[in-house]
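Here is the structure we will look at, set down as structure tokens.
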Amino acid sequence: MKLFFLTWLFLGLSVWAQDPLDVGSQLPNLPSKTTADVSTDSLAGTEGLVLVVFRSADW
Amino acid sequence: MQLVQLQEAQKELKALGYGVAAISYDSPDILKEFAKRKSLTVPLISDPKSEWLASAGLKNTEGEGLSDGVALPATLIVDKSGKVTHLFKESAYQNRITPSTLVHILKTGQRMAAQETELPKETVVTPTHSESSVTNGSIFVVSVTVALPENHHAYGPKAEGGVIPMSLTFEDHPLLEVVRVDYPEAHTQTLLGETYPVYEGVVTVDAFVKVRHEKETRDQLPDLVTLPLKANLEYQICTDTLCLAPQDKALQWILDYRPLDSERSPEAIQHP
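In the order they appear, the protein sequences are chains A and B.
First residue of the first sequence? That's 70 in this note's numbering, and the numbers climb one at a time after it.
First residue of the second sequence? That's 507 in this note's numbering, and the numbers climb one at a time after it.
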């Protein structure tokens, strides 16, 4: 029973962790480390935020 | 290249009320060096363990080596409540909607919401595009705006029954791929006992176009070249009692090409 419960908990957390964003989704809180002088909470404008998810600045 | 373009579009996006930021799995040191090297003021957010990327479902789970933890390429527009209103995801990192196209989409949305366009005395067809300079993998929008006179209508793309529906078709181009064509929603109108989907006022048809990124495509592109994209717009304008002859209007957009930027960070801070 315990193993069954743990299996379902693991699967549930896995699904939650990988739930893809879609139109209508709420954006998860952004990480705090940024090159900006303000916190990531303050990046949005009066209408919202444009966020580009990119591969790497290194390669 | 893409972040440099985002930097250039930042002022326009801010004028529309949108903050701008970018996120990757790079360390803060890599991002700071890159921002300094490219003179970027766009905030770059570090997610070195890819935890945020995983929570957003944007982590490439098949990456290995240098690609382990890398993001799936995406651009999001989020409203002030934090809700995602637009999401552009690509299967290949080389493909990317351009920042100018984001400005184009946001401006069009705000203009449509304001409904402040004055109608002409005769039908006016205006081609526009979101990006004048593109590179491999760029995704941009070419648009056609049709401004109809008052008391005139055109037919939506699904109209049947002997009328000519509005239709935008593109000529094949070896380097450009039309990903999709978006027609606005038509409203229904009953004319002479038949019901049709129709457009009135100002109508804009958007086509999302991609510059192919494959090596064979890049080999065909010298340092600078113009890319002509041709299309035909078919439509028919009617009043409640009279229809004008169907129109088949030739359209063309000319785009400049910029090569990709492949410069890396200094060796000491590169990804292992």
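Beta carbons: idealized from backbone N, C-alpha and C, even for Gly.
Exercise. Just mark Thr115(A) as buried or exposed, buried being the case when its beta carbon has 16 or more other beta carbons within 10 Å.
Key: Position 46 of the first sequence, counted from the start, is the residue given in the question as residue 115(A). Exposed is the call here.
Practice problem: Identify whether Ser83(A) lies in helix, strand or coil by the three-state DSSP scheme. | Solution: Translated into positions along the first sequence, residue 83(A) becomes position 14. Confidence in Ser83(A) is poor, its pLDDT being 47 and thus under 50, which makes the residue's placement unreliable; the coordinate value appears in the next sentence. Residue state, collapsed to three classes: helix.
Quiz item: In whole angstroms, what separates the C-alpha of Thr109(A) from that of Val584(B)?
Solution: Your numbering for residue 109(A) matches position 40 in the first sequence. Your numbering for residue 584(B) matches position 78 in the second sequence. Thr109(A) and Val584(B): Cα-Cα distance of roughly 14 Å.
Quiz item: For Ile760(B), is the classification buried or exposed, using 16 other Cβ atoms within 10 angstroms of its Cβ as the cut-off for buried?
Solution: Locating residue 760(B) in the second sequence gives position 254, where the first residue counts as 1. An exposed status is given to Ile760(B), since fewer than 16 other beta-carbon atoms sit within 10 Å of its beta-carbon.
Practice problem: At 4 residues or longer, and completely inside the segment 530 to 611 of chain B: list those alpha helix (DSSP H) runs for me, N to C. | Solution: 534 to 543, 557 to 561
Quiz item: With a CB to CB cut of under 6 Å and the five nearest residues on each side skipped, what residues in its chain are close to Lys595(B)?
Solution: For this step, residue 595(B) is matched to residue 89 along the second sequence. Here the set comprises Ala580.
Exercise. Tell me whether His610(B) is buried or exposed, calling it buried when 16 or more other Cβ atoms sit within 10 Å of its Cβ.
Key: Within the second sequence, the letter at position 104 stands for residue 610(B). It is buried - the Cβ of His610(B) has at least 16 other Cβ atoms within 10 Å.
Practice problem: Tell me whether Ser111(A) is buried or exposed, calling it buried when 16 or more other Cβ atoms sit within 10 Å of its Cβ. | Solution: As a first step, residue 111(A) is located in the first sequence; it is residue number 42 there, counting from the start. Under this definition Ser111(A) is an exposed residue.
Quiz prompt | Cutoff 8 Å: Asp110(A) Cβ touching any chain B Cβ | solution = In the first sequence, counting from the first residue as 1, residue 110(A) sits at position 41. By this cut-off, Asp110(A) is not an interface position.
Quiz item: Listed from N- to C-terminal order along the chain, which residues in the segment 519 to 538 of chain B have their beta-carbon within a distance smaller than 8 Å of any beta-carbon of chain A?
Solution: Leu519, Lys520, Leu522, Gly523, Tyr524, Gly525, Val526, Ala527, Ala528, Ile529, Ser530, Tyr531, Asp532, Pro534, Ile536, Leu537, Lys538
Quiz item: Is the segment 742 to 749 of chain B touching the segment 650 to 658 of chain B in the sense that three or more CB pairs, one from each, lie closer than 8 Å?
Solution: yes
Exercise. Apply the 10 Å Cβ neighbour rule to Asp91(A) and answer buried if 16 or more other Cβ atoms are within range, or exposed otherwise.
Key: One-based indexing of the first sequence puts residue 91(A) at position 22. Asp91(A) is exposed by the Cβ-count criterion.
Exercise. Determine the chain A residues that contact Lys589(B) at a beta-carbon separation under 9 Å, and present them in chain order.
Key: Residue numbering aside, residue 589(B) sits at position 83 when the second sequence is read from its first letter. Simply Val92, Gly93, Ser94, Gln95, Leu96, Gly117.
Practice problem: In the DSSP assignment, find the unbroken alpha helix (DSSP H) run with Gln511(B) in it and report its ends. | Solution: Locating residue 511(B) in the second sequence gives position 5, where the first residue counts as 1. Note, Gln511(B): alpha helix (DSSP H), 508 to 521.
Quiz item: For Leu612(B), which option in Phe123(A), Arg124(A), Ser125(A), Leu118(A) has the closest C-alpha, if you only look at C-alpha atoms?
Solution: Working through the second sequence from its first residue, we reach residue 612(B) at position 106. Answer by Cα proximity: Leu118(A).
Exercise. Pull out every residue of the segment 691 to 714 of chain B whose Cβ sits closer than 9 Å to any Cβ of chain A, in chain order.
Key: none
Quiz prompt | Asp110(A) in three-state terms, based on DSSP | solution = For the purposes of this step, residue 110(A) is taken as the residue at position 41 of the first sequence. DSSP places Asp110(A) in the helix class (H, G or I) of the three-state scheme.
Practice problem: Under the assumption that Thr604(B) contacts Ser636(B) (Cβ atoms under 8 Å), give the Cβ distance between them as a whole number of angstroms. | Solution: Residue 604(B) sits at position 98 when you count from the first residue of the second sequence. Residue 636(B) sits at position 130 when you count from the first residue of the second sequence. With a Cβ gap of about 7 Å, Thr604(B) and Ser636(B) count as contacting.
Quiz item: Which chain A residues are close to Gln508(B), counting only those with a beta carbon under 8 Å from its beta carbon?
Solution: In the second sequence, the residue the question calls residue 508(B) occupies position 2. In chain order: Val121, Phe123.
Quiz item: When the Cα atoms are used, what is the spatial distance from Glu666(B) to Ser649(B)?
Solution: Position 160 of the second sequence, counted from the start, is the residue given in the question as residue 666(B). Position 143 of the second sequence, counted from the start, is the residue given in the question as residue 649(B). C-alpha separation (whole angstroms): 24 Å.
Quiz item: Taking Cβ positions only, does His719(B) come closer than 8 Å to chain A?
Solution: The residue given as residue 719(B) occupies position 213 in the second sequence. False, the Cβ-Cβ gap to chain A never drops below 8 Å.
Quiz item: Got a sec, what are the start and stop residues for the beta strand (DSSP E) Asn738(B) sits in?
Solution: Here residue 738(B) corresponds to residue number 232 of the second sequence, with the count starting at 1. Where Asn738(B) is concerned, the enclosing beta strand (DSSP E) stretches over 732 to 741.
Quiz item: Mind checking if Trp759(B) is an interface residue toward chain A, Cβ cutoff 8 Å exclusive?
Solution: What you label residue 759(B) is simply residue 253 of the second sequence in a count that begins at 1. Trp759(B) does not count as touching chain A.
Quiz item: Between the C-alpha atoms of Gly563(B) and Gln695(B), what's the straight-line distance to the nearest angstrom?
Solution: By 1-based counting over the second sequence, the position of residue 563(B) is 57. By 1-based counting over the second sequence, the position of residue 695(B) is 189. Cα-Cα distance, rounded: 43 Å.
Self-check item: Cβ shell of Pro626(B) (< 7 Å), same chain only, five flanking positions each side left out
Solution: Against the second sequence, residue 626(B) aligns to sequence position 120. Answer for Pro626(B): Ala653, Pro655, listed in chain order.
Practice problem: Could you give the DSSP three-state label for Glu628(B): helix, strand or coil? | Solution: Reading the second sequence from its first residue, position 122 is the one you call residue 628(B). Assignment of Glu628(B) by DSSP, reduced to helix, strand and coil, places it in the coil class.
Practice problem: Please confirm if Asp553(B) has its CB atom under 8 Å from at least one CB of chain A. | Solution: Position 47 of the second sequence, counted from the start, is the residue given in the question as residue 553(B). True, the Cβ-Cβ gap to chain A drops below 8 Å.
Practice problem: Output yes if chain A places a C-beta closer than 8 Å to the C-beta of Gly571(B); else output no. | Solution: Indexing the second sequence from 1 puts residue 571(B) at position 65. Output row for Gly571(B): interface = no.
Quiz item: What residues of chain A sit near Lys517(B), judged by a beta carbon separation below 9 Å?
Solution: Position 11 of the second sequence, counted from the start, is the residue given in the question as residue 517(B). Annotation: Lys517(B) has no Cβ neighbours in chain A at a cutoff of 9 Å; minimum Cβ distance is about 12 Å.
Practice problem: Have a look at Val708(B), Gln776(B), Ser606(B) and flag the residue whose alpha-carbon is nearest the alpha-carbon of Phe714(B). | Solution: Mapped onto the second sequence, residue 714(B) falls at position 208. For the residues Val708(B), Gln776(B), Ser606(B), the minimum Cα distance to Phe714(B) belongs to Ser606(B).
Quiz item: Residues in its own chain within less than 7 Å of Lys664(B) by CB, not counting five upstream and five downstream?
Solution: Residue numbering aside, residue 664(B) sits at position 158 when the second sequence is read from its first letter. Hits under 7 Å: Pro671, Pro703.
Quiz item: Candidates Pro734(B), Pro772(B), Gly523(B): which alpha carbon is nearest Ala756(B)'s?
Solution: In the second sequence, residue 756(B) corresponds to position 250, counting from 1. Of Pro734(B), Pro772(B), Gly523(B), the residue nearest in Cα terms is Pro734(B).
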